[in-house]
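**Student:** So the sequence shown is numbered by our numbering: it starts at 58 and just counts up by one.
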Amino acid sequence: MAIIKTRGGKVLFAGPDKYIHRLVVENKTRLAYADLRGYNLSGLDLSGANLRGADLTGAFLAGASLTGATLADAVMVWARGEAVDLSGADMRRADMLAACLPGADMTGARTDGATPPAPGPATPPAGTATPGVSAGI
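(1) Give me the Cα-Cα distance between VAL68 and LEU88, rounded to the nearest whole angstrom.
(2) Compute the Euclidean distance between the alpha carbons of MET148 and ALA136, then round it to the nearest angstrom.
(3) Does the beta-carbon of THR164 have 16 or more other beta-carbons within 10 angstroms, so that it is buried, or is it exposed?
(4) DSSP puts ALA71 in a beta bridge; with which residues?
(5) Whose C-beta lies closer than 6 Å to the C-beta of ARG64 among residues of the same chain, with five residues either side of it excluded?
(6) Apart from the five residues on each side of it in sequence, which residues of its chain come closer than 6 Å, Cβ to Cβ, to VAL141?
(7) Select from ILE60, ARG167, GLY95 and ALA155 the residue whose C-alpha is nearest the C-alpha of LEU123.
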């Protein structure tokens with residue numbers, strides 16, 4: 058059973074493991090403060106998603122579309138993935154320390170007060186989830 062909780066432990070939604078990506082996309086407007094640490098969100102269309110304050114530590118975002126998404130106050134430490142579309146996203150005060158997002162499109166993104174991502178390849182600490190594995194489910 059896949060369970061998506063807030064950082065405070067409140068269950069946002071749950072469903073069968075094999076439908077985790079569908080659950081995330083269908084509930085993208087309800088992901089504020091979600092605990093998505095280590096989740097593989099590669100290739101998902103999360104445009105317009107409300108990820109305010111979400112914890113995306115170690116998340117895999119390769120090819121994900123976060124166009125116009127709200128990522129204000131989100132924690133994206135060690136998040137990684139190529140060609141992530143963050144155009145027009147609200148990333149104010151987001152913590153992107155050591156995030157590795159080569160080729161990310163941040164055109165028009167609001168980044169006031171955000172911690173900038175790593176300038177080059179970043180190596181996550183030992184024990185961080187691997188691609189294809191969804192942590193916490």
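For every residue, glycine included, the Cβ atom is placed at its ideal position computed from N, Cα and C.
No experiment lies behind these values; they were computed from the predicted model shown.
**Tutor:** The structure says:
(1) 11 Å
(2) 14 Å
(3) exposed
(4) ILE60
(5) TYR90, ASP92 and ASP112
(6) LEU118, ALA121, LEU158 and ALA161
(7) ARG167
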